[in-house]
Amino acid sequence: MRNPDQRQRQSVARDTSLGPVRANLIVSGRRLRAGLSFAVLIAVAVSLCGCPPPSPPEGVGATGVGRGADECDDNLQSDSLAEFAKKCSAATGEDVPAFNCDDGTPVPEDHLSGSYPSALCDRPNVLNQECDPGSRFQVLKQTNDVEIVGHCRKKNLGAGQYGDIAVIQYNQKNGATCFYQALGTLPAKVTAPSEGNGPGKFPWLDPKDTAAIGCVHCHDNGPFIRSEYLAQLRNEAKNRLPGTNPGPGHWDQRFSWNQTIPYAFAGNDFQSWKAYSVSVTGTGSDCLACHRLGLSSIGGHYQSQGTAQVLGPFATAATQPSKNPHSADSPIWMKPGQTTYNASSETSAKAVAACAAAIAQHGNDPNAPLPPSGCQWVRYGEGTSCRGGAIQGVLNGATQSTPTSSRVDTVVDLGSCSSGDCPLGFCYWRTLHGPFWQTTPSSIPFGDANYRGSFIRIYGEGGIWKSRAFSDPTGLPPNAPPGGTAECTNYNEIATVPDSTQCFANQFSVIDKDGTQPSQTVNASVATPSANVLSGLIGNVAQANLDKSDVVRVYETGGQVLLTQSHNTKPPSPLKIGPLEAESWTNSCKSWTPVYAAKDVYSTSDVQLVPSAQSHNVRCFITGITGAWSSTRNGATIQPYAEIYVGPTQDIRLRVSPSTDQDRVGAYASCIQIK
Amino acid sequence: MTRLKCMSTGLLVSFLAVACFSSRAQSAQARSSKADAVVASEKKYVLDFSGSQDHGVPGGTFQNFAFNLDLNEPMRKISVRRDEKRKDLVATYDYADCTRGQESLLEKPMSGLAPGNSAWVDYVDIEMIPPTQRDLKWTGGVCYGYRKSGGGWHWNLSSTPLTYDSATGRVRARIWVKEANIDALKLVFDYSVPRQSVRTVTITTLPPSTK
């Protein structure tokens, strides 16, 4: 294998430091192993405890669009309560026990004045926006992995009665979550859901009715909403809400609690729920330094409620229903340490809300305007039956973006896994678009203000898969930032993987520091069979179609995996040669041989990758590009792209554009079977 | 008849309510005078809840209520106590609002609502006593469901904004129903509406022949 130019390699690799993740030194590439310990994630998270506002990227951000491609069993027959409880027990690893609401810790309603339901107090509940004395909260079960909490809302009822009893069952290793709900005039003594809800039993709602409530409407940035109402119990020895105490305990870590924790919904009636993490650049990004802000969809319909759209502005508003005026005794919900209203905080929250609303609007109506620049989203939670990319992120549009004259630096986290049974996954580009170009020499790294160029890449950093799209045409004619759709599929979802904890990914790169190398190839093989993805396109990769088209691809031949680039060193004007780099990941697992449904299929227009009969059990990914990926049309408003998509007959296809003329492009893609 | 559209739910009631309501009132007045000849036979039935606990029936943050139609009296004074079980009015904490997909939750407590008189309902005016909390800003509206005589519930979950009437210090909305053979209605409030008391509901009916 050739040893690529280390200087350029380092400049590109600035954000590829994998931190505690073990590096594989067998090859010069980097190795991302499955089974990252939870401690590692905590270490990453704790580093954010101070909640410093992140450094906003220079220039505008990018526009994120797209729906998560997923396959969920969301048309199954409703579960009975007992069936649901059984599934939840299996998914989380613990049962919900019987309990007595009167054993819970009373939720303080300090400085209460007036009478229910119009009373004022220091920390009213957010759900019903009321002070509800006599309500009690308790932790029903807690292990290192699982916590089950119960909350009994009094609703002004008499002794031994409650008006609203709810339980949340959560496994923070695999994300499995279950919600239980009962309403009405309820006794304090609550039977376990596993006993059902028939005559003589506690009147738990049937799962379909709990699902109709749409808990995820609000619980969209994780399983627990940490308003001051329950967070005020943060110093309770036992009955404190997860993520509210700032200590280092498994269920504490207030300032990093829900940045990366997984989230998945168990039970037939909850399979269409999805939770998305919203991110913005510039104003509003400070909200996201400590926690996610979420958005949800149910049955494919994006909701207009949630932490990003409603609770963020609510938490930062000058007044809160039923709450005493903000003060040291009655502090405003957000931000931590702030006791009274701060216009800047509210402005930030509203910026995220506007982003989420735009995403929801576009999600529900593809004809609605695209979300604004810098507004990104990624799905991180869905039903436990869902298969497919556990995470899907869209950077600067799936196939097109809007030209700008300044720097665009878009980073989307593609997630992590700490449980060992959903190991760091197989990440790839499902769609991508150019232009890819670079005018500055390789001596200028892309973090430098003088760098002029563009790239997309998938990489590992701090144990988390990330995708990044960058463009800086400052001082040059406006140009469109490149981007695409990055997906990750967990190894345990891939067919014939015998032990997903024995999977790994090695990164390789081929670098031409000045564009003078007409052809380069590196051996990207590992000792075992592998599935190989083209992950990084940096600088002037593939510019022209002359006697033959420029090519960048990773492929297998003669028992070897090769990452190669070839290009014409005298491209037609106005194109010029310049630095280029291509990156790939070689994914492999012990004793695994990938089962391909399509392998290195080449498209110069629109071809079928997989017929409809097989399309539900495959994952398809880009493995190569050819042609004029530096060029654009119509003032950069039309960019070259390659897209793997579901065709009208439910087959999976690969199309590219443009497909004619000298600036035409081509692409290669492969598909592997999943379980 | 054109349905009035005044402000979206995205606007702050306390900020724009005066101007907006004024606009609504003028529009309504103009339309009303124009329509008088056509709807001379309209009848109004007022449900006056002012004698209730909290001076009204709770609405907002998942508190909704349904009532059957009684066309025998143009004015009914109904005093509702919290948690009272009645056959002519069902006030419930549904854990549901105008979000679609929650219809089953809205219907679940309605089995005890007695049949009412059937009517062609043109529109319904809602008058609410706003929260007493000073400077509270909120947005939201009201949507509805209706029950056909002898049968199931039908839902229109597009909410109509609630607006503040500074002249009377009340929050109001008019929902257009325009449906025949209705014997009961349910008023459903956006979750974002803080709980407040619905003081009166006025149902305007038309003979079926004039619709």
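Chains as they are written, first to last, in the working numbering: chain Y, 1 to 675; chain U, 1 to 211. For each residue, glycine too, the CB sits at the ideal point set by N, CA and C. Computed from a predicted structure; not experimentally measured.
Coarse secondary structure for U/HIS154, derived from DSSP in three states: In the second sequence, the residue the question calls residue 154 of chain U occupies position 154. DSSP places U/HIS154 in strand when its eight states are reduced to three.
Straight-line gap, Y/ILE213 to Y/TYR276 (C-alpha atoms, nearest Å): Start at 1 with the first residue of the first sequence, and residue 213 of chain Y comes out as number 213. Start at 1 with the first residue of the first sequence, and residue 276 of chain Y comes out as number 276. Roughly 19 Å separates the two Cα atoms.
For Y/SER405 and U/ALA167, the rounded distance between their alpha carbons: Here the question's residue 167 of chain U lines up with position 167 in the second sequence. Here the question's residue 405 of chain Y lines up with position 405 in the first sequence. U/ALA167 and Y/SER405: Cα-Cα distance of roughly 52 Å.
Alpha carbon of Y/SER115 to alpha carbon of Y/ALA351, nearest angstrom: Residue mapping note: residue 115 of chain Y aligns to position 115 of the first sequence, counting from 1. Residue mapping note: residue 351 of chain Y aligns to position 351 of the first sequence, counting from 1. When rounded, the distance between both Cα atoms is 36 Å.
Inter-stretch contact at 8 Å, needing at least 3 Cβ pairs: the stretch 394-403 of chain Y / the stretch 304-313 of chain Y: no
Check: Y/PHE265 C-beta below 6 Å from any heavy atom of the ligand FAD: Of the ligands one can find in the structure shown there are none, so the ligand FAD has no counterpart to examine.
Touching by the beta-carbon criterion (3+ pairs, under 8 Å), the stretch 139-146 of chain Y and the stretch 237-255 of chain Y: yes
8 Å Cβ cut-off: residues of chain U touching Y/ASP209: The count along the first sequence starts at 1 and reaches residue 209 of chain Y at position 209. Under the 8 Å cutoff, chain U gives SER104, LEU105, LYS108.
Bridge partners - Y/MET334, DSSP secondary structure assignment: One-based indexing of the first sequence puts residue 334 of chain Y at position 334. Y/MET334 pairs with nothing; no bridge assigned.
Close-in-space but distant-in-sequence residues of the same chain around Y/GLU643 (CB under 6 Å, 5 per side omitted): In the first sequence, the residue the question calls residue 643 of chain Y occupies position 643. THR399, THR431, ARG655.
Burial state of U/GLU73 (16 or more Cβ within 10 Å): To locate residue 73 of chain U, count along the second sequence from 1; it is residue 73. By the 10 Å Cβ count, U/GLU73 comes out exposed.
Any chain U beta carbon closer than 7 Å to Y/ILE332: For the purposes of this step, residue 332 of chain Y is taken as residue 332 along the first sequence, with counting starting at 1. Y/ILE332 does not count as touching chain U.
Start and end residues, alpha helix (DSSP H) containing Y/PRO187: Numbered from its first residue, the first sequence carries residue 187 of chain Y at position 187. From DSSP, Y/PRO187 is part of no alpha helix (DSSP H) but of the beta strand (DSSP E) over 176-187.
Contact list for U/LEU136 against chain Y, beta-carbon separation under 7 Å: Indexing the second sequence from 1 puts residue 136 of chain U at position 136. What U/LEU136 touches in chain Y: THR319, PRO321.
Beta carbon proximity, Y/ALA212 to chain U, threshold 7 Å: Your numbering for residue 212 of chain Y matches position 212 in the first sequence. Taking Cβ atoms only, chain U reaches closer than 7 Å to Y/ALA212, which makes this a yes.
Contact set between Y/ILE298 and chain U, taken where Cβ atoms lie within less than 7 Å: On the first sequence, position 298 is the one that residue 298 of chain Y refers to. Correct list: GLY101.
Cβ-based neighbour list, U/TRP155, same chain, cut-off 6 Å, excluding 5 preceding and 5 following: In the second sequence, residue 155 of chain U corresponds to position 155, counting from 1. Same-chain partners within the cutoff: GLU103, GLY145.
CB contact flag (U/LEU187, U/VAL142, <7 Å): Residue numbering aside, residue 187 of chain U sits at position 187 when the second sequence is read from its first letter. Residue numbering aside, residue 142 of chain U sits at position 142 when the second sequence is read from its first letter. Yes. Within cutoff.
Length of the line joining the Cα atoms of U/ARG24 and U/ASP165: Position 24 of the second sequence, counted from the first residue, corresponds to residue 24 of chain U. Position 165 of the second sequence, counted from the first residue, corresponds to residue 165 of chain U. Because the pLDDT at U/ARG24 is just 40, under 50, the model does not fix this residue reliably, and the value given afterwards should be weighed accordingly. U/ARG24 and U/ASP165: Cα-Cα distance of roughly 10 Å.
Length of the line joining the Cα atoms of Y/LYS155 and U/ASP83: Your numbering for residue 155 of chain Y matches position 155 in the first sequence. Your numbering for residue 83 of chain U matches position 83 in the second sequence. Spanning the two alpha carbons is a distance of roughly 10 Å.
Classification of Y/ALA613 by the beta-carbon crowding that lies within 10 angstroms, buried from 16 upward: Within the first sequence, numbered from 1, the residue matching residue 613 of chain Y stands at position 613. So Y/ALA613 counts as exposed.
Closer than 7 Å to chain Y by CB, U/TYR95: The residue you call residue 95 of chain U lines up with position 95 of the second sequence. True, the Cβ-Cβ gap to chain Y drops below 7 Å.
Per-residue DSSP class, three states only, for Y/ALA85: Your numbering for residue 85 of chain Y matches position 85 in the first sequence. In the structure shown, Y/ALA85 sits in a helix (DSSP, three-state: H, G or I).
According to DSSP, residues forming a beta bridge with Y/VAL190: Here residue 190 of chain Y corresponds to residue number 190 of the first sequence, with the count starting at 1. Y/PHE99.
First through last residue of the alpha helix (DSSP H) which encompasses Y/VAL352: In the first sequence, residue 352 of chain Y corresponds to position 352, counting from 1. 343-364 is the span of the alpha helix (DSSP H), which, as asked, contains Y/VAL352.
Limits of the beta strand (DSSP E) - the one that U/ASP97 falls within: Start at 1 with the first residue of the second sequence, and residue 97 of chain U comes out as number 97. Element bounds for U/ASP97: n/a, residue is neither H nor E.
Y/THR339, buried or exposed, once every other Cβ within 10 Å from all chains shown has been counted against 16: Position 339 of the first sequence holds residue 339 of chain Y. By the neighbour-count rule (16 or more Cβ atoms within 10 Å), Y/THR339 is not buried but exposed.
Residue-chain proximity (U/THR221, chain Y), Cβ-Cβ < 7 Å: This structure cannot speak to residue 221 of chain U, because chain U is shown only from 1 to 211.
Selection from Y/LYS189, Y/PRO574, Y/LEU580, Y/THR586 that minimises the alpha carbon distance to Y/VAL554: For this step, residue 554 of chain Y is matched to residue 554 along the first sequence. Among Y/LYS189, Y/PRO574, Y/LEU580, Y/THR586, the Cα nearest to that of Y/VAL554 belongs to Y/THR586.
Span separating the alpha-carbon of Y/VAL411 from that of Y/PHE446: Here residue 411 of chain Y corresponds to residue number 411 of the first sequence, with the count starting at 1. Here residue 446 of chain Y corresponds to residue number 446 of the first sequence, with the count starting at 1. About 14 Å.
Coil, strand or helix - Y/GLY313 by DSSP: Taking the first residue of the first sequence as position 1, residue 313 of chain Y is located at position 313. The amino acid occupying residue 313 of chain Y in the given sequence is Pro; Gly does not appear at that position. The answer is helix: DSSP assigns Y/PRO313 an H, G or I state.
Euclidean distance between Cα positions of Y/PRO207 and Y/ARG234: Numbered from its first residue, the first sequence carries residue 207 of chain Y at position 207. Numbered from its first residue, the first sequence carries residue 234 of chain Y at position 234. The alpha-carbon atoms of Y/PRO207 and Y/ARG234 are separated by roughly 30 Å.
Three-pair Cβ contact test at 8 Å for the stretch 123-135 of chain Y versus the stretch 104-115 of chain Y: yes
Rounded Cβ spacing between U/PRO194 and Y/PRO321 (contact assumed at less than 8 Å): Against the second sequence, residue 194 of chain U aligns to sequence position 194. Against the first sequence, residue 321 of chain Y aligns to sequence position 321. Contact holds; Cβ gap of about 4 Å.
Identified DSSP bridge partners for Y/LYS466: Taking the first sequence and counting its residues from 1, the one referred to as residue 466 of chain Y is at position 466. In the DSSP output, where bridge partners are listed per residue, Y/LYS466 has Y/ASP413, Y/TYR459.
U/ARG195: contacting residues in chain Y (beta-carbon distance under 9 Å): Here residue 195 of chain U refers to the residue found at position 195 when the second sequence is read from its first residue. In chain order: PRO117, SER118, ASN128, GLN129, GLU130, PRO321, SER322.
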